[in-house]
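K.L.:
Residue numbers (the working numbering): 524 to 612. Have a look at this one before I ask anything.
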Amino acid sequence: GLYGGARSISERHRHRYEVNVHYRGALEAAGLRFSGMSPDGVLPEIVERPDHPWFVGVQFHPELKSKPFDPHPLFAGFVGAAVRQARLV
Numbered sequence: 524g525l526y527g528g529a530r531s532i533s534e535r536h537r538h539r540y541e542v543n544v545h546y547r548g549a550l551e552a553a554g555l556r557f558s559g560m561s562p563d564g565v566l567p568e569i570v571e572r573p574d575h576p577w578f579v580g581v582q583f584h585p586e587l588k589s590k591p592f593d594p595h596p597l598f599a600g601f602v603g604a605a606v607r608q609a610r611l612v
């Protein structure tokens with residue numbers, strides 16, 4: 524995975540938006556996987572679609588912890604997925 528199997532990560536947030544957990548069951552039934560939750564386990568922070576080459580949505584700001592020669596794992600993962608997908612075309 525992007526975080527090398529870490530069980531817990533810390534990211535920076537700067538927003539006032541939340542995923543409405545009322546729709547979680549319907550979103551999971553449609554194929555989304557909620558792979559990261561808030562520390563209290565209530566709010567989704569990371570969502571993925573496992574059957575897609577690259578479908579990751581996050582509630583945090585990876586750009587706030589990324590540097591030119593030390594990119595955030597999310598950006599490195601995206602570029603890696605794009606390279607793999609380009610080789611398939």
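By construction, the Cβ of each residue, glycine as well, lies at the ideal position given by its N, Cα and C atoms. Just so you know, these numbers come straight off a predicted model, no measurement behind them.
Could you give the uninterrupted runs of the beta strand (DSSP E) lying entirely in the stretch 577-602, keeping only those of 3 residues or more?
P.N.:
Correct list: 579-581.
K.L.:
Cβ atoms of R556 and V570: under 8 angstroms apart, would you say?
P.N.:
The residue you call residue 570 lines up with position 47 of the sequence shown. The residue you call residue 556 lines up with position 33 of the sequence shown. The answer is yes: Cβ separation under 8 angstroms.
K.L.:
Round the Cβ separation of K588 and E534 to the nearest angstrom and send it over; I've been treating them as touching at under 8 angstroms.
P.N.:
By one-based count along the sequence shown, residue 588 stands at place 65. By one-based count along the sequence shown, residue 534 stands at place 11. The pair is a contact, with the Cβ atoms about 7 angstroms apart (cut-off 8 angstroms).
K.L.:
Identify, in the order they occur along the chain, each residue of the same chain with its Cβ nearer than 7 angstroms to the Cβ of M560, setting aside the five sequence neighbours on each side.
P.N.:
Working through the sequence shown from its first residue, we reach residue 560 at position 37. If we look at M560 and ignore the five residues flanking it on each side, its Cβ neighbours are L566, P567 and E568.
K.L.:
Can you give the beta carbon distance from L597 to L550, rounded, assuming they're within the 8 angstroms contact cut?
P.N.:
Translated into the one-based positions of the sequence shown, residue 597 becomes position 74. Translated into the one-based positions of the sequence shown, residue 550 becomes position 27. In fact, because the Cβ distance is near 20 angstroms, the residues do not count as touching under 8 angstroms.
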